[in-house]
Amino acid sequence: MWSETRRPEYLDGIVGHADVKVRLESYLREQPYAHVLLLHGHPGTGKTTMALAAARTFGFEPLEINASQSMRSHADVEQLIQSCEHTTNIASLIRGDKKRTCLILDEIDGSDPHAQRKLAEWMTGDKRKVPVLLTCNEIPRNLKGKGRVEVLRCYPPRPADLAVLFPQHDVAALAKRFKHDIRRMLQFLQYGESDTLPVRTQPTE
Numbered sequence: 008m009w010s011e012t013r014r015p016e017y018l019d020g021i022v023g024h025a026d027v028k029v030r031l032e033s034y035l036r037e038q039p040y041a042h043v044l045l046l047h048g049h050p051g052t053g054k055t056t057m058a059l060a061a062a063r064t065f066g067f068e069p070l071e072i073n074a075s076q077s078m079r080s081h082a083d084v085e086q087l088i089q090s091c092e093h094t095t096n097i098a099s100l101i102r103g104d105k106k107r108t109c110l111i112l113d114e115i116d117g118s119d120p121h122a123q124r125k126l127a128e129w130m131t132g133d134k135r136k137v138p139v140l141l142t143c144n145e146i147p148r149n150l151k152g153k154g155r156v157e158v159l160r161c162y163p164p165r166p167a168d169l170a171v172l173f174p175q176h177d178v179a180a181l182a183k184r185f186k187h188d189i190r191r192m193l194q195f196l197q198y199g200e201s202d203t204l205p206v207r208t209q210p211t212e
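Okay, so the sequence shown: first residue is 8 according to the working numbering, each after it adds one.
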């Protein structure tokens, strides 16, 4: 699938989002990581891709977790906290590169509210040692107004920004049709129109 195979691995391959990329760089270069960054915006705008690319660009080992699937209870959060007690994870130690861990919690708005409260307590406390990047479509109530949760609004890239990705296509028309969702645009260009189910014929009397 092109939306995966063509996903940029580093920040210089991501179009648009200039202000967000600058803030990601400044955040990942600072220590200690007093804040966590919450990337907020519509689906398909590149939030997860940016988080992963930023971590790799600045020498981190991304620890990506789909929060909507994995953060369902206090026990899940406790296990996550334990895994982030050290700034270097096991995979990096085995390789011998000693890359520091950057936690990426994807779809945080889909996680359990009780788990969100426990996560917020840990993320905004003083014991966390690793940088944290969150992504969401809607900002969870449990994270609103938290002094150490910095929200970065991710607006859809402009057609001019997307032209480099689709040089042989009418980018403005694609962006309008798919509401600037790059993932859907790539799926359409790769697979074409989705099959539609035929309308059921109503039985006659």
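Note that CB positions come from ideal geometry on N, CA and C, so glycine has one too.
A quick note: this is a predicted structure, and the numbers were derived from the prediction, not measured.
- Under the DSSP assignment, Thr-56 falls in the alpha helix (DSSP H) whose first and last residues are 54 to 64.
- Each of Leu-45, Ser-33, Gly-199 and Trp-129 was checked against the Cα of Gln-86, and the nearest Cα belongs to Trp-129.
- Annotation for Asp-83: the continuous alpha helix (DSSP H) segment containing it runs 81 to 90.
- Shown here for Ala-179: same chain residues with a beta carbon closer than 8 Å to its own, the five before and five after excluded, namely Pro-166 in chain order.
- In the structure shown, Leu-172 adopts coil according to DSSP, grouped into three states.
- Taking each of Leu-18, Arg-102 and Gly-53 in turn and checking the Cα distance to Phe-65, the smallest one comes out for Leu-18.
- Bounds of the beta strand (DSSP E) holding Pro-69 are 67 to 73.
- Take Asp-168, set aside five residues on each side of it, and the residues of its chain with a beta-carbon closer than 6 Å to its own are Val-22 and Gly-23, in chain order.
- Ranked by Cα distance from Ala-122, the first of Gly-51, Glu-37 and Ser-77 is Ser-77.
- When the beta-carbon positions are compared, Leu-150 and Leu-141 come within less than 9 Å of each other.
- For Ala-82, the closest C-alpha among the options Gln-175, Leu-126 and Gly-132 is that of Leu-126.
- In the DSSP assignment, Asp-26 falls within the unbroken alpha helix (DSSP H) covering 25 to 35.
- According to the DSSP assignment, Arg-184 belongs to the alpha helix (DSSP H) that extends over 178 to 184.
- By alpha-carbon distance to Gly-117, the top candidate from Ile-72, Lys-105 and Ile-97 is Ile-72.
- Only residues of its own chain outside the window of five on either side were considered, and among them Lys-54, Asn-144, Arg-160, Cys-161, Tyr-162 and Pro-163 have a CB closer than 8 Å to the CB of Gly-48, listed in chain order.
- For Val-158, DSSP records a beta bridge to Leu-45.
- Distance from the CA of Arg-63 to the CA of Lys-183, rounded to the nearest whole angstrom, comes to 31 Å.
- Taken in chain order, the complete beta strand (DSSP E) segments of 3 or more residues contained in the stretch 106 to 151 are 107 to 113 and 139 to 143.
- Val-171 and Tyr-34 have their alpha carbons spaced roughly 28 Å apart.
- For the 9 Å CB-CB criterion, Thr-94 and Thr-108 form a contact.
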